[in-house]
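S.K.: With full-length UniProt numbering applied, the sequence shown closes on residue 280, and no number is skipped along the way. Idealized CB from N, CA, C, for every residue including glycine. Values in this document were obtained by computation on a predicted structure and should not be read as measured data. Handing you a structure now.
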Amino acid sequence: MSLSPFPHIDFRTLRNYDFQCLNKIPNSRFDVKFSNKFRQTTRTITKAQGSSCIEVRGVEYRAPGTHHNLLQNINFSIPERSLGLIFGKSGSGKTTLLQLLSGLSKPTSGTICIQRYRSNDGSPIEPPESLSPNRVGIVFQFPERYFVADTILEEVTFGWPANTSREQLALKLQNAFNSVGLHNISMEESPHNLSGGYKRRLALAIQLVETPDLLLLDEPLAGLDWKARADVVRLLKHLKKEVTLLVVSHDLKEFSGLVDHSWKMEMGGNLREEPLPFYK
């Protein structure tokens, strides 16, 4: 019996994607000839070996030109390949924290880092390293509103370096699309024609292409019907086996059986660890 949320997809292999449209991209951008061997790749998104945590230590944030902290002495850690959830009232500072974690804003004080630990005794392997914004993906609320391209291929590759090879592109796309269950999707289809749930999957795939250390999601269930919401929850249950997820959401019931760690953001920007309410 498959434990995958997409039992009709074999996540060990990739044979059903149509990446021949990559040949239509001018060679001035992708200078290596596309090879069909990547249609058979078995690589999946993997992370570095060993235990590690994303750690936030003493983070405070004050908007430039103001004297009032929006976030107060934030401290928490989230182990790799787990799902953390932050909840709280609107305006409490949840999205501001995501912006700091993603590198869109800089903390007024404190550090955001990756700490790696030995598996046998839990001691640090090395001093913590700063969490680079290049290693963080973020999916904003209603991400489909920010789609700008006419095709899925153009949407996914928007902003990529000009010297990216076709082989590298095909491999990364296959890994990301396979992870989110975009099965048999045409890369030449318009992203605006996808269903609501599939648009969310595409937004996730765009961020997973670079295999981030941390993936942030701001209200990932907002605006979806019940079926699409259930599909996204099942997808995140699968994804947390591959990448560390931190979710901001008001939809506590849907996430109650999925969350490994949870925190409540109080008004005034104070974060404290708190279990989710119990739902039958």
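(1) Assuming Arg234 is part of the alpha helix (DSSP H), what are its boundary residues?
(2) Buried or exposed for Arg200, please, with buried defined as at least 16 other CB atoms from any protein chain shown within 10 angstroms of its CB.
(3) Taking its Cβ as the centre, do 16 or more other Cβ atoms sit within 10 Å of Lys240, making it buried, or is it exposed?
(4) Can you name the residues that DSSP bridges to Val156?
(5) Have a look at His261 and Phe255 and give me their C-alpha separation to the nearest angstrom.
(6) Using C-beta distances below 6 angstroms, list every residue in its chain close to Val209, excluding the 5 sequence neighbours before and after it, in chain order.
(7) DSSP three-state call for Lys24: helix, strand or coil?
(8) Tell me the DSSP bridge mates of Met265?
(9) Tell whether a beta-carbon distance below 8 angstroms holds between Ser190 and Leu85.
(10) Give me the Cβ distance between Ile74 and Cys53, rounded to the nearest whole Å; I'm assuming they're in contact under 8 angstroms.
(11) Taking just the CA atoms, how far does Pro161 sit from Gly93?
(12) Using the C-alpha atoms, what's the distance from Phe87 back to Phe278?
(13) Buried or exposed, going by whether 16 or more other CB atoms sit within 10 Å of the CB of Pro127?
(14) For Gln99, I'd like the list of residues in its chain whose CB is within less than 7 angstroms of its CB, leaving aside the five on either flank, ordered along the chain.
(15) May I have the straight-line CA-CA distance separating Ser35 from Gln174, to the nearest angstrom?
(16) Using three-state DSSP, classify Ser82 as helix, strand or coil.
(17) On the criterion of 16 or more Cβ atoms from any shown chain inside 10 Å, does Ile185 qualify as buried, or is it exposed?
(18) Can you check whether the CB of Ala203 is closer than 8 angstroms to the CB of Gln141?
(19) Going by DSSP in three states, Thr96 sits in which element: helix, strand or coil?
(20) Taking Ser90 as the reference, give the member of Glu273, Lys264 and Ala230 with the closest Cα.
(21) Whose CA, out of His192, Pro220 and Thr96, lies closest to the CA of Thr151?
(22) Count the other C-beta atoms from every protein chain shown that fall within 10 angstroms of the C-beta of Ala63, then say buried if there are 16 or more, exposed otherwise.
(23) Within the same chain, show all residues whose beta-carbon is closer than 6 angstroms to that of Gln168, passing over the 5 residues directly before and after it, in chain order.
(24) For the alpha helix (DSSP H) containing Arg166, name the first residue and the last one.
(25) Quick check on Pro133: does DSSP put it in helix, strand or coil?
(26) DSSP three-state label for Pro220, please.
(27) In angstroms, rounded to a whole number, what distance separates the CA positions of Gln207 and Gly137?
M.R.: Concretely, from the data shown:
(1) Trp226 to Leu239
(2) buried
(3) buried
(4) According to DSSP, which records beta bridges pairwise, Val156 is partnered with nothing at all.
(5) 11 angstroms
(6) Lys172 and Ala176
(7) Residue placement at Lys24 is flagged as unreliable, the pLDDT there being 48, under the threshold of 50; the coordinate-derived value follows with that caveat. Reduced to three states, the DSSP call for Lys24 is helix.
(8) Gly88 and Leu271
(9) no
(10) So it is not a contact: roughly 15 angstroms between Cβ atoms.
(11) 34 angstroms
(12) 15 angstroms
(13) exposed
(14) Ser105
(15) With a pLDDT of 30 at Ser35, under the threshold of 50, the modelled position of this residue cannot be trusted, and the question is left open.
(16) coil
(17) buried
(18) no
(19) helix
(20) Lys264
(21) His192
(22) exposed
(23) none
(24) Arg166 to Ser179
(25) helix
(26) coil
(27) 5 angstroms
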